[in-house]
Amino acid sequence: MARRGGEKVKHDNKERWLLTYSDLITLLMIFFVVMYSISSLNAQKMAALASSLAQAFLGAPASGIFPEGGLPSLVAGTEPAMDSGTGLENNEELTELAGVKANLERYITQEGLQGQITLTNQERGLVVSMYDTILFPRGSAELTPEARALLRQIGRALAGLPNYLRIEGHTDNLPIHTNLYPSNWELSTARAISVVKVLINDAGINPERLSATGYGEYRPVAPNDGEANMARNRRVDIVILKEAYNVTEPHQ
C-alpha cells in the first residue's frame, strides 16, 4: 500500500491465488508420496505373506512372517503328492503308486473285471472302487467267497505300501430297514468293515494302517436315476492315501 498526498492507495494483488495454488500442489505431492510409501510397504508385506503361506502349506522350513512350517496342501483340485517333511514332490511315492496301479490294472484285465473295478487317481491318492455286484448279495454286508479271493489279491498288492488305507462304503438311495441294517448308514459301514477284516486277516495288512467309514447314499458318483447309475453308487472304495495325508489320520 503506497501513500499519495497523505492518502493511502490500495493496490490489487492479482497473484495471491498463486500462493493457494502452490499450497495445493505441495499438499497433493505429499499425499501421493505418502500413498506410494504405503503401497510399497503393503507390497512387501504381501510378498512376505505369500512366501510364508507357500512354505506353510507345502511343509517347507518357514521364514518370513510365520515362525513355523505348516501342513501339506490339502486343497481340493490340486495334486500335491509331496513329502510332508521337505515340501518337495515325493517322486518316489508317485512312482510306487503308479506301479501299484499298473499291477492292479493287469490283474483286473486278466480276470475280466474291467466293468466291476475302477482305478482313479485323486488328489488324496489312488482310489480302488469295487461295485457291490462282485462283493455282496443285494442288501447284505456278507462277502461272497469270490469277493474274499479278490480282496485277498488286492490286499497283497497293497501290503507292502507305507500308506494309510481308508475303506469307504457307499450305497444307492433306495431305503433299507431291516433288523441288521436300519438304514443305509449301517449297511455302508458294515460293508466297509467286512472289507477291512479281509485285508487284515487274509492279506496281512497292519490294522494300524486301516480305517473304515460309511457314507450311505450321500456320496454318489452318479445320479440315482437308473439301475446302471445306482449300481455304480453301490460300491466300496479302497483309498490309498498319499503319505502327505498321514497327518490327518490318527496315529501315535
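The numbering of the sequence shown is this note's numbering, which starts it at 28 and goes up by one.
Ideal Cβ placement from N, Cα and C applies to all residues, glycine included.
If you're wondering where the values come from, they're calculated on a predicted model, not measured in any experiment.
Residue range of the beta strand (DSSP E) that includes residue i
i: Gly-243; result: No beta strand (DSSP E) contains Gly-243, which DSSP labels as neither H nor E.
i: Glu-195; result: 192-197
Helix, strand or coil at residue i according to DSSP, with G and I counted as helix
i: Ile-232; result: coil
i: Asn-148; result: strand
i: Leu-153; result: strand
i: Ser-49; result: helix
i: Ser-238; result: strand
i: Tyr-134; result: helix
i: Tyr-158; result: strand
i: Phe-59; result: helix
i: Asn-117; result: coil
i: Ser-90; result: With a pLDDT of 44 at Ser-90, under the threshold of 50, the modelled position of that residue is not reliable, and the figure given next carries that caveat. If DSSP states are grouped into helix, strand and coil, Ser-90 belongs with coil.
i: Ser-167; result: coil
i: Tyr-208; result: coil
i: Asn-200; result: coil
i: Leu-188; result: coil
i: Leu-214; result: helix
i: Gly-126; result: helix
i: Ala-103; result: Here Ala-103 scores only 39 on pLDDT, less than 50, and its place in the model should not be relied on; the value that follows carries that caveat. Correct three-state label for Ala-103: coil.
CB-CB length for residue i against residue j, believed under 8 Å
i: Thr-198; j: Gly-243; result: 6 Å
i: Met-157; j: Arg-236; result: Wrong, their Cβ atoms sit about 19 Å apart, outside the cutoff.
i: Ala-129; j: Gly-182; result: With 8 Å as the limit, Ala-129 and Gly-182 do not qualify as a contact, their Cβ atoms being about 17 Å apart.
i: Gly-196; j: Gly-126; result: Incorrect: roughly 27 Å between the Cβ atoms, too far for contact.
For residue i, the first and last residue of its enclosing alpha helix (DSSP H)
i: Leu-177; result: 172-185
i: Val-248; result: No alpha helix (DSSP H) holds Val-248; DSSP gives it neither H nor E.
i: Ile-267; result: Taken as a continuous stretch (DSSP letters only), Ile-267 belongs to no alpha helix (DSSP H), being part of the beta strand (DSSP E) at 262-268.
The ligand FMN heavy atom lying under 7 Å from the CB of residue i
i: Ala-255; result: With respect to the ligand FMN, the structure offers nothing, as it holds no ligand at all.
Just checking, does the segment 128-140 make contact with the segment 243-257 on the three C-beta pairs under 8 Å criterion? no
Looking at C-beta atoms only, is the number of pairs between the segment 142-154 and the segment 164-173 that lie closer than 8 Å three or more? no
Contact between the segment 174-192 and the segment 215-231 is defined here as three or more beta-carbon pairs at a separation below 8 Å; is this criterion met? yes
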